[in-house]
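The structure appears right after this line, and notes come after that.
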Amino acid sequence: MRAAHVAAMLMVLSVVAAPAAHAAAFVLRDDAQRQVSFARNPQRIITLLPSLTETVCALDACDRLVATDRYSNFPAQAEALPKAGGLDEVAVELIVSLRPDLVLLSRSQRITERLSDLGIQSFVLNSETYADIARSIETVGRILGNPARADVLERSIAAAVVEIGAEAVARRHGPRPAVYFEVDRAPYAAGPASFIGELLARLGTRNIVTADLGAFPKLNPEYVVRHPPDVIFVAAGEAEQLAQRPGWGELRAVKERRFCSFPSPVTDTIVRPGPRVAQGMQALAGCLARVAP
Amino acid sequence: MSAPRDAANGMAVWLICCLVLTLLLTAGSLVIGTSSIETSWHWLVVPDEQSAVVLWRIRLPRTVGAWCVGALLGLCGATAQGLFRNPLAEPYLLGTASGAAFGVALSLVAVDSTIGELAWAGRLGLTGAACLGAVAATTLTIALSRGVLQTTSLLLAGIVVASVLGAATSLILLTKPEIFRAMQTFLLGSTAFLGWSSVALLATVLGICLVPALVWSRGLDALTLGEDTARSLGLSLPTLRLALLGMMSLGTATTVGQVGVVMFVGLMAPHVVRETLSVNHRQLLIAAPLCGGALLQAADLICRWIIRPAELPVGAVTACVGGTYLVLLLWRRNRDA
Chain S
1 MRAAHVAAML MVLSVVAAPA AHAAAFVLRD DAQRQVSFAR NPQRIITLLP
51 SLTETVCALD ACDRLVATDR YSNFPAQAEA LPKAGGLDEV AVELIVSLRP
101 DLVLLSRSQR ITERLSDLGI QSFVLNSETY ADIARSIETV GRILGNPARA
151 DVLERSIAAA VVEIGAEAVA RRHGPRPAVY FEVDRAPYAA GPASFIGELL
201 ARLGTRNIVT ADLGAFPKLN PEYVVRHPPD VIFVAAGEAE QLAQRPGWGE
251 LRAVKERRFC SFPSPVTDTI VRPGPRVAQG MQALAGCLAR VAP
Chain U
1001 MSAPRDAANG MAVWLICCLV LTLLLTAGSL VIGTSSIETS WHWLVVPDEQ
1051 SAVVLWRIRL PRTVGAWCVG ALLGLCGATA QGLFRNPLAE PYLLGTASGA
1101 AFGVALSLVA VDSTIGELAW AGRLGLTGAA CLGAVAATTL TIALSRGVLQ
1151 TTSLLLAGIV VASVLGAATS LILLTKPEIF RAMQTFLLGS TAFLGWSSVA
1201 LLATVLGICL VPALVWSRGL DALTLGEDTA RSLGLSLPTL RLALLGMMSL
1251 GTATTVGQVG VVMFVGLMAP HVVRETLSVN HRQLLIAAPL CGGALLQAAD
1301 LICRWIIRPA ELPVGAVTAC VGGTYLVLLL WRRNRDA
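Chain order of the listed sequences is S and U.
Each residue of the first sequence is one higher than the last, beginning at 1 in the working numbering.
Each residue of the second sequence is one higher than the last, beginning at 1001 in the working numbering.
This is the structure we're talking about:
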């Protein structure tokens, strides 16, 4: 009886796995402009970027991951996997020992050549802008052999983003609030060209930083005094220090404590151009609704 | 008789030039910022509420603070070169910069850390952590060289401490990449947030540091003849070293706490003075701070002007200018030889 059960289960499994295992070979061009050919859909994947890890898991393929980078902390299943390095330093030995059939990574990582020397297939995907999110999901979906799931995910994210943006704009009656998003106390700001800047623009805000300054410009602090923001997005520990900066104590946003700070897990959703972008945007919208004048 | 008088006249002319340059740079820094020069000029003539904040509470303390930092680095650099009898000595020689960087890295990790033991580092703030790290590193250097009896062992201990702390900082950075940008800002120096309270602190420390420097300047003169000769002239070398090392660590620790690591100013200022003037140590210890102050003011002006309204890290500018100057110096010496 038991043996029959197992045999039946195996049959079911082989039927389910069949399309993936026997799918025709395919070729995709990656963001390093390489033609990467796949004999079949990869089953042992290593991701070296948190947003790519999240994308693979959001496409229901978390169980195909065998390792991730050290900063991939979501979802819990991925967090528990072996860590194959950080952004620039990579544990090559660990990667080889795990016998992956694909390593997904970003363009800035220099490991690609070393991996191909060692006969390990890698695929470069850039995740920097909002547009990259949909493109990454679509490409990873094709690699995983599940383009339909990718399509559904992509559409649901796009719909959520549009809805959150529309809600934020509809809720507002006055002029667009001016925002300053401080990435770091240097101060580095997130400009309109950055991923965060894109989300803020979709929420109907006006970035005090102009697009020509680049994605993350290091500002002269007097710029913020001359272009006073209505709301300041700043690291939780830093908000209390803003009034100490020369001239910043006079800013209305500082005087009226119009700050948005987020705990680290929420910040992850805001700064990672991955499938949780709508959650990040919701957090931004929620805070804006609370503190914007 | 005429040679010393000429030297004194030369020194007077030099000091006046330096002061005039400082005044010009100060005036220049009032009109250079994120606004156009015409706007700044208009603000000076017809002040309003915002321009008052920008001019008198951001631009002026920033340039005066940059001068103080440059002056302290010039003073510490000249002292280090005299004390170690080495023209390549600089203020960060005793591990101050790496100690401060390590302190800052710990503090940055602690800010969003839940580890109870690290919470104190978060409360210290970056300035406090940098100062504490710098002082601790200097103390460690002196302890490793078993006091201040030997110049060579002090230098070696300084290099060891700097390397080990540098490696420790890199380790922290590898495990916490989110602090990378903040660390880079610190390591390249930034005069962006110098306010009047920073200026008050820096000026006080500059005043305090000048006292031992001038008191022991004759000792540094004697030291140029060699340690044995200095000793035979009745100079107590351990006292001299302790006083001057104490002054150097106070001076550099304060500057790294306020603006981070600014390379080359401390190395370059004494060289500029010696290249243009023939001076003894008392004169050098007055001229080098003036020169260092003007140098950093100029670098600050360049870094906020060149890509305004964004800005460059001031340390990157001083490294470019300082590096070019040293190459020029080498080239001239080779040519003259």
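We put the CB at the ideal spot given by N, CA and C, even for glycine.
None of these values were measured; they are calculated from a predicted model.
When 222/S, 41/S, 124/S, 177/S are compared, the shortest CA-CA separation from residue 285/S is found for 177/S. For residue 180/S, the uninterrupted beta strand (DSSP E) segment begins and ends at 178-184. Separation of the CB atoms of residue 51/S and residue 274/S is rounded to 3 Å, and the pair is thereby assigned contact status at 8 Å. Taken through DSSP and simplified to helix, strand or coil, residue 37/S comes out as strand.
In the displayed model, residue 1096/U falls within a helix according to three-state DSSP. Judged by DSSP secondary structure, residue 103/S falls within the beta strand (DSSP E) whose first and last residues are 102-105.
Taken through DSSP and simplified to helix, strand or coil, residue 1034/U comes out as coil. The segment 1260-1278 of chain U makes no contact with the segment 1141-1152 of chain U: fewer than 3 CB pairs, one atom from each, lie closer than 8 Å. Look at residue 1066/U: its C-beta is not under 7 Å from any C-beta on chain S. For residue 124/S, none of the residues of chain U pass the 7 Å Cβ criterion, the least Cβ distance being about 20 Å. Nearest to residue 1241/U by C-alpha distance, out of 1088/U, 1082/U, 1322/U, is 1082/U. In this structure, DSSP gives residue 73/S a state outside helix and strand, which the three-state scheme calls coil. In this structure, the beta-carbon distance from residue 137/S to residue 153/S falls below 7 Å.
With the criterion set as a beta carbon lying under 8 Å from some beta carbon of chain U, the members of the segment 190-214 of chain S are 213, 214, in sequence order. Residue 1135/U sits close to residue 1253/U, with the two beta carbons spaced by under 7 Å. Per the DSSP secondary-structure output, residue 29/S pairs in a beta bridge with 35/S. Annotation: the continuous beta strand (DSSP E) that includes residue 122/S extends over 122-124. Take residue 239/S, set aside five residues on each side of it, and the residues of its chain with a beta-carbon closer than 7 Å to its own are 259, 261, in chain order. The beta carbons of residue 64/S and residue 77/S sit no closer together than 7 Å. The C-beta separation of residue 1260/U from residue 1318/U comes to about 11 Å, leaving the pair out of contact by the 8 Å criterion.
DSSP places residue 46/S inside the beta strand (DSSP E), whose first and last residues are 45-47. Ranked by how close their Cα comes to the Cα of residue 1071/U, the residues 1330/U, 1208/U, 1217/U have 1208/U in first place. Relative to the Cα of residue 234/S, the nearest Cα in the group 100/S, 127/S, 254/S, 227/S belongs to 254/S.
Here residue 1246/U has 1212 as same chain residues with Cβ atoms under 8 Å from its own Cβ, once five neighbours each way along the sequence are excluded. Of all alpha-carbon atoms in 39/S, 143/S, 25/S, 184/S, the one lying nearest the alpha-carbon of residue 271/S is that of 184/S.
Contact annotation: in the segment 1192-1210 of chain U, residues whose CB is within less than 9 Å of a CB in chain S are 1192, 1193, 1194, 1195, 1196, 1197, 1198. Its chain contains 1071, 1074, 1075 as the residues whose beta carbon lies nearer than 6 Å to that of residue 1289/U, once the 5 sequence neighbours on both sides are disregarded; these appear in chain order. In the DSSP assignment, residue 67/S falls outside any alpha helix (DSSP H) and within the unbroken beta strand (DSSP E) covering 65-67. For residue 1312/U, the CB contacts under 7 Å within the same chain, skipping 5 residues up- and downstream, are 1303, 1306 in chain order. At a cut-off of 7 Å between beta carbons, residue 82/S makes no contact with chain U. Under the DSSP assignment, residue 1159/U falls in the alpha helix (DSSP H) whose first and last residues are 1151-1175. Here the alpha carbons of residue 1030/U and residue 1060/U stand approximately 6 Å from one another.
A contact between stretches requires three or more CB pairs, one per stretch, nearer than 8 Å, and the segment 222-234 of chain S meets this requirement with the segment 1034-1054 of chain U. Neighbourhood of residue 220/S in chain U, by CB distance below 8 Å: 1033, 1034, 1192, 1304, 1308, 1309, 1310, 1311, in chain order.
Counting the other Cβ atoms within 10 Å of the Cβ of residue 268/S gives 16 or more, which makes it buried. Straight across, the Cα-Cα distance linking residue 1040/U with residue 1047/U is about 10 Å.
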